[in-house]
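Taking it in order: structure first as structure tokens, then the write-up.
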Amino acid sequence: MTEAFDYSLTNTNTAEVNGASVNSATQELDGIEILVSMAKTGKVNPWNIDIVDITDKYLTQLFQMKSQNLRLTGRTLLFAAILLKLKSNILENIEMVEFEPNEEQFDEFDISDDFNTEENYTYNQNNVISIDEVLQRRTSIRLNRNRVVTLKDLIRQLEFYEMIDKKQSLKNAHERAKRRVRSYANLSSEDIINLAHDEYIEDGVQRLKENLEQIFKRENRVELTELTLLGMDKISAYIALLFLSAESDYELVQDEFYAELYVTRGLQ
Amino acid sequence: MEQRELKSKIEAVLFTTAKALKVKELAEILGVDADLIEEALLELIMDYASRDGALEIDDEDGYILQVKLEHMDIVEKLCPVELKPAVLKTLTVIALKEPIRQSYLKDLRGSNAYEHVQELVQKGLISKNKDKNGRSFNIKTTQKFSEYFKLKGDAKALAKFLEIEKGVSDD
Amino acid sequence: MEQRELKSKIEAVLFTTAKALKVKELAEILGVDADLIEEALLELIMDYASRDGALEIDDEDGYILQVKLEHMDIVEKLCPVELKPAVLKTLTVIALKEPIRQSYLKDLRGSNAYEHVQELVQKGLISKNKDKNGRSFNIKTTQKFSEYFKLKGDAKALAKFLEIEKGVSDD
Numbered sequence: 001m002t003e004a005f006d007y008s009l010t011n012t013n014t015a016e017v018n019g020a021s022v023n024s025a026t027q028e029l030d031g032i033e034i035l036v037s038m039a040k041t042g043k044v045n046p047w048n049i050d051i052v053d054i055t056d057k058y059l060t061q062l063f064q065m066k067s068q069n070l071r072l073t074g075r076t077l078l079f080a081a082i083l084l085k086l087k088s089n090i091l092e093n094i095e096m097v098e099f100e101p102n103e104e105q106f107d108e109f110d111i112s113d114d115f116n117t118e119e120n121y122t123y124n125q126n127n128v129i130s131i132d133e134v135l136q137r138r139t140s141i142r143l144n145r146n147r148v149v150t151l152k153d154l155i156r157q158l159e160f161y162e163m164i165d166k167k168q169s170l171k172n173a174h175e176r177a178k179r180r181v182r183s184y185a186n187l188s189s190e191d192i193i194n195l196a197h198d199e200y201i202e203d204g205v206q207r208l209k210e211n212l213e214q215i216f217k218r219e220n221r222v223e224l225t226e227l228t229l230l231g232m233d234k235i236s237a238y239i240a241l242l243f244l245s246a247e248s249d250y251e252l253v254q255d256e257f258y259a260e261l262y263v264t265r266g267l268q
Numbered sequence: 269m270e271q272r273e274l275k276s277k278i279e280a281v282l283f284t285t286a287k288a289l290k291v292k293e294l295a296e297i298l299g300v301d302a303d304l305i306e307e308a309l310l311e312l313i314m315d316y317a318s319r320d321g322a323l324e325i326d327d328e329d330g331y332i333l334q335v336k337l338e339h340m341d342i343v344e345k346l347c348p349v350e351l352k353p354a355v356l357k358t359l360t361v362i363a364l365k366e367p368i369r370q371s372y373l374k375d376l377r378g379s380n381a382y383e384h385v386q387e388l389v390q391k392g393l394i395s396k397n398k399d400k401n402g403r404s405f406n407i408k409t410t411q412k413f414s415e416y417f418k419l420k421g422d423a424k425a426l427a428k429f430l431e432i433e434k435g436v437s438d439d
Numbered sequence: 440m441e442q443r444e445l446k447s448k449i450e451a452v453l454f455t456t457a458k459a460l461k462v463k464e465l466a467e468i469l470g471v472d473a474d475l476i477e478e479a480l481l482e483l484i485m486d487y488a489s490r491d492g493a494l495e496i497d498d499e500d501g502y503i504l505q506v507k508l509e510h511m512d513i514v515e516k517l518c519p520v521e522l523k524p525a526v527l528k529t530l531t532v533i534a535l536k537e538p539i540r541q542s543y544l545k546d547l548r549g550s551n552a553y554e555h556v557q558e559l560v561q562k563g564l565i566s567k568n569k570d571k572n573g574r575s576f577n578i579k580t581t582q583k584f585s586e587y588f589k590l591k592g593d594a595k596a597l598a599k600f601l602e603i604e605k606g607v608s609d610d
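Next up, the structure:
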């Protein structure tokens, strides 16, 4: 905060700025004091500085003050100019670090000699942002955003779930297909042709059937792996078993996923 | 007004109101002839359709700017509705099949349905009355419900869908 | 995820949340790396900029999808905040100095502040809670407030200024 632009209302110099009855103290008012007194008397709103308006008022003030004190006039206009500059900077959102009055500005008022003795003014835009400008309406506001949903929303929601569901089942089917492809990947093309061959399957079923009859005379169940000892590979034995279980009462049993498969006799 | 400008204004209105507006309403808000609105609106819809973004203008029962169905998960995640999705779903089932027996609702929606019913009764959206034979409860939507919700669109088809599915799981 | 899809998801998030989101927040919501978000976001911003529609993505303190300033009249018309200047000023002071004690607010704004607070609470723009020691009230702005307003410019400096001034007269 810079003291130079202090609006502080503690200033005891309460001049009547509109009035024609200006006491002698008023003669000594400079730009800042005029601003302060105008604010105090409600002529200007310190929270909403209208530069054009303030300049007009300054000029009026100037006219009313019969003593044409050029130094005063110059300073009054200077402050109006500074205000204008500050305000435009705020509007432009430009950071204004320093504002040093240029002596040339005062030449026409012939006060340059006087001015040099004054302190240097360093203003920051922060001083005069108007309170009426602080709150800005948002344009992102959406009405009905948290409204109670309509049935249409519900239906949309359901449609969404449905879509997700479809995608999921599609994905699952895809996964299954991929797994199948992977398990066949170890087989040679010849194996696959043989696998698919009806006669080959028939042959396997026949061999398995004969062997199982023998086995089940002694056992209640037999491991699938054991059947490979008969000279069949696991997949061929499995396929043969599937056919067999479809046409007879042999059943495939597995206690746990990925555990051993057993062949049992179904209940008669 | 230029067509382009009008289109832009319509877009602003649809964005801000975030609800379905009829051409007449748009015309009133913007103080522009309905014919002109319709023309600009159609162009705007086509703009959106050709844009391949997340938003679309839907034209069922008024025009509304909304997130496309494919991003519904985002909407659900970010825009908390007043009822949890599961409860909403229960409410939907009730609305579609009312009057519905609580036992049947439980079949369709699982045992959580009891809790949902309680919440919905509390919110005044449904009412629950003893069955004639006194064994179960009949559930119906209330006046308040119909103030908030409107059955429309393909609700009948959806009801049929529920019949077939025999159960609407939460996910 | 494809860039195009990510862009679309970001758009859906911005549309749905209707508030300024940082890249980090977007990354969290979508579960996507912040770098990717930033890239897609920039493209989305350019898409909007080149579209010449009513909407834009602003990047002030986070990214937000909003109606362009030129359509402010439409927004005002559709979501009017009808506050008398004096009440608005009280709201501004609260926003600048929140949480603010009611007694201090009265010092700054005069005895009318009580009425203003009442009106603002009613409109859902501020909330008022008993102080820890139970003697005074603490006042804060609400979610609704931040949907309707943002603080502009060097608000901090102004807040400091208020401290010094000890009083914000109505005119």
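Chains as they are written, first to last, in my numbering: chain A, 1 to 268; chain B, 269 to 439; chain C, 440 to 610. Ideal Cβ positions, reconstructed from N, Cα and C, are used throughout, including at glycine.
Beta-bridge partners of residue i, as assigned by DSSP
i: B/Asn406; result: B/Arg369 and B/Asn397
i: A/Leu261; result: A/Gln254
i: C/Asp486; result: BP columns for C/Asp486 are empty, so no partner.
i: C/Lys589; result: A/Gln136
i: B/Arg272; result: Answer is none; B/Arg272 lacks a bridge partner.
i: B/Asp326; result: B/Ile332
i: A/Glu223; result: A/Tyr262
i: C/Leu522; result: The partner list for C/Leu522 (beta bridge, DSSP) is empty, contrary to what the question assumes.
i: C/Leu535; result: According to DSSP, which records beta bridges pairwise, C/Leu535 is partnered with nothing at all.
Proximal residues to residue i (C-beta, below 6 angstroms), its chain only, five neighbours per side dropped
i: C/Ile496; result: Ile484, Tyr487, Tyr502 and Leu504
i: A/Asn126; result: Model confidence at A/Asn126 stands at a pLDDT of 39, short of 50, so the residue's coordinates are unreliable; what they give is reported in the following sentence. Hits under 6 angstroms: none found.
i: A/Asn93; result: Model confidence at A/Asn93 stands at a pLDDT of 33, short of 50, so the residue's coordinates are unreliable and nothing is read from them.
i: C/Leu439; result: With chain C represented from 440 up to 610, any question about residue 439 of chain C goes unanswered, as that position is not in the structure.
Residue from the options with nearest C-alpha to residue i
i: B/Leu364; options: B/Leu309, B/Gly392, B/Ser404 and B/Phe413; result: B/Phe413
i: A/Ile141; options: C/Ala466, C/Thr455 and C/Tyr543; result: C/Thr455
i: B/Arg403; options: B/Asp329, B/Ser371, B/Ala280 and B/Glu338; result: B/Ser371
i: C/Val452; options: B/Val291, B/Leu346, B/Arg369 and B/Val355; result: B/Leu346
i: A/Asp203; options: A/Leu143, A/Leu241, A/Gln254 and A/Lys178; result: A/Leu241
i: B/Glu366; options: B/Ser379, B/Lys396, B/Asn380 and B/Gly378; result: B/Lys396
i: A/Glu226; options: A/Leu208, A/Lys217 and A/Phe243; result: A/Leu208
i: B/Asp320; options: B/Glu338, B/Leu393 and B/Glu296; result: B/Glu338
i: A/Ser248; options: A/Glu213, A/Leu143, A/Lys171 and A/Ala173; result: A/Glu213
Interface residues of chain A facing residue i [CB-CB closer than 7 angstroms]
i: B/Thr284; result: Ile141, Arg142 and Leu143
i: C/Phe416; result: In this structure chain C extends from 440 to 610, so residue 416 of chain C is not present and cannot be described.
i: C/Ala488; result: The premise fails here: C/Ala488 is roughly 16 angstroms from chain A at the closest Cβ pair, so nothing lies under 7 angstroms.
i: C/Ala534; result: Leu135
Closer than 8 angstroms at the beta carbon, the chain C residues around residue i
i: B/Leu346; result: Val452, Thr455, Thr456 and Ile468
i: B/His339; result: Ser447, Lys448 and Ala451
Check whether residue i and residue j have beta carbons under 8 angstroms apart
i: C/Met440; j: C/Val471; result: yes
i: A/Leu137; j: C/Phe588; result: Going by the sequence as given, residue 137 of chain A is Arg instead of Leu. Going by C-beta atoms, A/Arg137 is nearer than 8 angstroms to C/Phe588.
i: C/Lys562; j: C/Tyr553; result: no
i: C/Ile533; j: C/Thr580; result: yes
i: C/Leu527; j: C/Lys507; result: no
i: A/Leu230; j: A/Asn211; result: yes
i: C/His555; j: C/Thr531; result: no
i: A/Ile215; j: A/Val222; result: yes
i: C/Leu547; j: A/Val134; result: no
Same chain, Cβ closer than 7 angstroms to residue i, five either side skipped, listed in chain order
i: C/Glu521; result: none
i: B/Lys292; result: Ala302
i: C/Ala479; result: Gln442, Leu445, Lys446 and Ile449
i: B/Glu306; result: Val291
i: A/Asp255; result: none
Partners in chain B for residue i, counting only beta-carbon separations shorter than 8 angstroms
i: C/Val514; result: Ala280 and Thr284
Cross-chain neighbours of residue i in chain A, by beta carbon under 8 angstroms
i: C/Thr580; result: Residues of chain A passing the Cβ test: none, with the nearest at roughly 10 angstroms.
Chain-ordered chain C contacts of residue i [CB-CB under 7 angstroms]
i: B/Gly321; result: Ser447 and Glu450
Spatial neighbours of residue i in its chain, beta-carbon cut-off 8 angstroms, leaving aside the 5 residues before and after
i: A/Glu251; result: Ser245, Val263, Thr264, Arg265 and Gly266
i: B/Arg213; result: Outside the displayed span of chain B (269 to 439) sits residue 213 of chain B, for which this structure offers no information.
i: B/Lys287; result: Gly330 and Ile332
i: A/Val253; result: Arg221, Leu261, Tyr262, Val263 and Thr264
i: B/Glu311; result: Gln271 and Lys275
Chain A contact residues for residue i, given Cβ-Cβ distances below 9 angstroms
i: C/Leu504; result: Ser140
Residue i beta carbon near the ligand ATP (any heavy atom closer than 7 angstroms)
i: A/Ala246; result: Absence of the ligand ATP from the depicted structure is noted, as is the absence of any ligand whatsoever, leaving it without description.
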